[in-house]
Amino acid sequence: MTDSKKAILYGLATVSIWSTVASAFKIALRDLAPLQLLFCACTVSIAVLTAILLVQGKLGEIVRMGRKETLRCALLGLLNPFLYYTILFKAYDLLPAQEAQPINYTWAVTLSLLSVPLLGQKLSFKALAAILLSYLGVVVISTHGDLLGMHFSSLTGVALALGSTVIWALYWIFNT
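For the sequence shown, my numbering begins at 12 and goes up steadily by one.
Structure, rendered in structure tokens:
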């Protein structure tokens, strides 16, 4: 199989898996508060990553990390997963999944916009037009097609979902 076909298959598998995340969040949030869900997810992640490091024989590398790197990791961890998912789960708690997910998926657009002032990137006219079209699509979904009425299921939920995209984008920019 060619690399191109593998890339397409991996891309399709990723989209298939991530397309179910909104439903999974909503189901989990029926029984858990956003912070409880975050705690459970982080606990499982820590356990799995610790097991992976143990199997790879790299668990000792955590202890050998320098103070600066430990602080950097802690600050990034505060940004994501803590702040990002706390805000995102609250947005999912307030919004229907079909509204929260498209808003949350504008993180790539937010990343593109923030990379201009923070990383000195340039946006072409074509990229800017695509960004505007993307946000217009999200507005259509979020307002249930009533663009003139601008009525949202939860304005707070929309603001939180949009805020989470800024946090996610900043996380990736700070990792650059």
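For every residue, glycine included, the Cβ atom is placed at its ideal position computed from N, Cα and C. Computed from a predicted model, the values in this text were never measured in an experiment.
Separation of residue 63 from residue 117, as counted between CA atoms
When rounded, the distance between both Cα atoms is 31 Å.
So which of 111, 39, 139, 112 has the shortest CA-CA distance to residue 124?
When only C-alpha atoms are compared, the closest one is 139.
Go through the stretch 51–88 residue by residue and report every complete run of the alpha helix (DSSP H) that reaches 4 residues or more, in order.
You should have 71–75, 78–88.
Beta-carbon separation (whole angstroms), residue 107 vs residue 164, contact threshold 8 Å:
Sure, about 6 Å apart at Cβ, within 8 Å.
How far does the alpha helix (DSSP H) with residue 104 in it extend, from its first residue to its last?
It spans 95–105 - the alpha helix (DSSP H) in which residue 104 sits, taken as one unbroken run.
Any heavy atom of the ligand COA closer than 7 Å to the beta-carbon of residue 124?
Ligands are entirely absent from the displayed structure, and the ligand COA is therefore not among its contents.
Proximity below 8 Å, CB of residue 158 to CB of residue 151
Contact: yes.
Across the stretch 31–49 and the stretch 82–102, are there enough close Cβ pairs to call them in contact, namely three or more that are closer than 8 Å?
Verdict: yes, contact present.
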